[in-house]
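Quick note on the working numbering: the sequence shown kicks off at 6 and runs consecutively.
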Amino acid sequence: MTRYEQIADALRAQILQGQYPIGTRLPGIRQLASEFSASITTLQSACNHLQDAGLIEARSRSGLFVCPPRHATLAAPQEPAAPHAPVALTPRALTAEVMRQSLNAQNIPLGAAIPQAPFLGLDLIQRIPQRGLRQLGHDLKYAVPPGLPALRQAIAHAHTARGMPTSPDTVVITNGCHEALVLALRCVTRPGDTVAIESPSYYGFLQAMQGLGLNILEIPNHPVTGLSLEALDFALSRWPIKALVVTPNFSNPMGSLMPSSHKANLVNRLRAQGVVLIEDDIYGALHYQGTRPDTCRHFDPAGDTVIQCSSVSKSLAPGLRIGWVVSPRLTSELIEQKLLLNIATASHPQAVVAEILSNHRWAQHLQRIRPRHAQAMMRMQQAVATFFPEDTRISQPQGGFVLWIELSPTLDATALMRRAAAQQISITPGELFSVSGQFRHCIRLNAAVDWSPRVEAALAFLGQAARDPRLHTLTNAPKNPASA
Ligand SMILES: Cc1ncc(COP(=O)(O)O)c(C=O)c1O
């Protein structure tokens, strides 16, 4: 290997390890030459090599920058056209089948949106001194709603520091973000009501709504900017919508990020119509670059429109089952619903999370895992671009860890899921993310995995299977009842 190739390899490793995240500027050639004790010409050759490989790019007069992955030239997934009419969902055996595959520890975990250990905070949990838990006055009695004061204080403090003044009295602790959402829906809807939701949408939401006897109105989601405000306007003028459920920051499965101006606009539109906005901010802390994106709640200082839900499931540990819901207007209703449903969230995990969130190590932990997610996403995108058919479209999330993939319109992704399951590979088929038969040719992958030759072989297998004519059995594009 020549000297310039060695240096290119070293720089590539530094980029992939997150030393220079996507979009950052590399040190100048002179500085790099001195760091590597090599000549400027050698460094120039090394950088040319990385430019040819698509890892960095030269911007005129500004220097060399780390590029988004090569396949960025692939088109973003297509946006569905107009909203569908509300649908009452019936129980689906497919959801149970996919969850069984996803949670089977023998399978390569590309299915569930659950980060593997290096992306979570298990070390923080192990390091907590028992003394710390005792100091919280934690005695294993019921931590009755709204929940352990120390945890509510830590959450309120974090929200206030991010520009959303929050009293601990308005924070209600829940069993994960899922329960936060269920409590919010129980407070503002009755069976038979219509609730709007971004589409494609996290299937847990759809199940929760089904459990509450709600009609679901799918609003198209733009892959980059999130929920289509035009489609929402159309839906609001046509159907009696009680609430909107949305994940503005790194939605699941598309990974879209709603611009701040859309968030403000959305809150104002819903307030004017008396529609409640249930905001899920579970992925907001996992941005790849810059500062944490703001939330819809930022634009609702009086707290009359937005109910905000979140949890530590994606950044600390999903098994702790600690989430929260904040709504100054509905706090007592939320507490009442929580008491009715399951009395209280377990007190020990509440004490653990209170201890972690109030320690300075929490911010360091988030700073450590963000570039890890960015690199993992880049590697997953590059592998898909390498192994999957040419007409594959992939999302370009700027945070979170789920990758949305649109395959050829004839590919039956549920059949692909079953073929993969036979090889001990779990993936999530697109049809789960809709109640109106859309996205049957799409899949979602979890990018937060320990990279290994086995994972790479799994992606090669999926790419190969996606070419198999026997899986190309879809013929009709799903009908759009709204335009029928
Ligand atoms: C958007 C979204 N909201 C909520 C949840 C559920 O979160 P929790 O495990 O905290 O209940 C998930 C899990 O995948 C999710 O993706």
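Glycine included, each C-beta is placed from N, C-alpha and C at the ideal position.
**Message:** Using the three-state DSSP reduction, which class does E284 fall into: helix, strand or coil?
**Reply:** strand
**Request:** With a floor of 4 residues, list each alpha helix (DSSP H) that falls wholly inside the stretch 320-349, ordered by position along the chain.
**Result:** 336-347
**Message:** Can you tell me whether G404 is helix, strand or coil according to DSSP?
**Reply:** strand
**Prompt:** What is the DSSP secondary structure of T433, reduced to helix, strand or coil?
**Reply:** strand
**Message:** Checking the sheet assignment: what are the DSSP bridge partners for T179?
**Reply:** G328
**Asked** Would a C-beta distance cut-off of 8 Å place P258 and W456 closer than the cut-off?
**Response** no
**Request:** Let me have the residue list for ligand 1: C-beta closer than 6 Å to any non-hydrogen atom, ordered along the chain.
**Result:** A118, G181, C182, H183, Y207, G209, T252, N257, D285, I287, S316, S318, P323 and G328
**Inter-stretch contact at 8 Å, needing at least 3 Cβ pairs: the stretch 263-272 / the stretch 216-225** = no
**Request:** Please confirm whether G308 and R334 have their CB atoms less than 8 Å apart.
**Result:** yes
**Request:** Give me the Cα-Cα distance between T78 and T230, rounded to the nearest whole angstrom.
**Result:** Any reading at T78 needs caution, since the residue's pLDDT is 40, under 50, leaving its predicted position unreliable; the model's value is listed next. One C-alpha to the other measures close to 18 Å.
**Item:** Given K247 as reference, the closest of V280, R302 and A381 once Cα atoms are compared
**Value:** V280
**Item:** Simplified DSSP assignment, three categories, for A201
**Value:** strand
**Prompt:** What residues match up with W456 in a beta bridge as DSSP calls it?
**Reply:** Answer is none; W456 lacks a bridge partner.
**Prompt:** Rounded to whole angstroms, how far is the Cβ of N254 from the Cβ of G289, which I believe are closer than 8 Å?
**Reply:** 4 Å
**Request:** Give every residue of the same chain whose Cβ lies closer than 6 Å to the Cβ of L291, excluding the five residues on either side of it in the sequence, and list them in chain order.
**Result:** H378, G404 and G405
**Message:** Helix, strand or coil, according to DSSP, for P173 in the structure here?
**Reply:** helix
**Asked** Does the stretch 192-212 touch the stretch 436-450, meaning 3 or more C-beta pairs lie closer than 8 Å?
**Response** yes
**Prompt:** Is it right to say H54 is buried, meaning 16 or more other beta carbons lie within 10 angstroms of its own, or is it exposed?
**Reply:** buried
**Request:** State yes or no: is the C-beta of N53 nearer than 7 Å to some heavy atom of ligand 3?
**Result:** Absence of ligand 3 from the depicted structure is noted, with ligand 1 being the only ligands included.
**Prompt:** Any idea what DSSP makes of K146, helix, strand or coil?
**Reply:** coil
**Prompt:** What is the DSSP secondary structure of S39, reduced to helix, strand or coil?
**Reply:** helix
**Message:** Can you list, in chain order, the residues of its chain with a C-beta nearer than 7 Å to that of K319? Leave out the 5 residues immediately preceding and following it.
**Reply:** P120, I287, Y288 and L291
**Item:** Three-way DSSP call (helix, strand, coil) for V193 in this model
**Value:** helix
**Message:** Bridge partners for V229 per DSSP, in chain order?
**Reply:** V229 is not bridged to any residue.
**Message:** Among the candidates P114, Q342 and R423, whose CA atom is the shortest distance from the CA of E461?
**Reply:** P114
**Prompt:** If you draw a straight line from the alpha carbon of N347 to that of V71, how long is it in whole angstroms?
**Reply:** 49 Å
**Asked** Can you round the beta-carbon distance between L282 and V251 to whole angstroms, since I take them to be within the 8 Å contact cut?
**Response** 7 Å
**Message:** By the DSSP assignment, the beta strand (DSSP E) with E62 in it spans what residues?
**Reply:** I61 to R64
**Prompt:** Are L186 and D57 close, meaning C-beta to C-beta below 8 Å?
**Reply:** no
**Item:** Residue of A426, A420 and S431 minimising C-alpha distance to A471
**Value:** A420
**Prompt:** Less than 8 Å separating the beta-carbons of V389 and L476?
**Reply:** no
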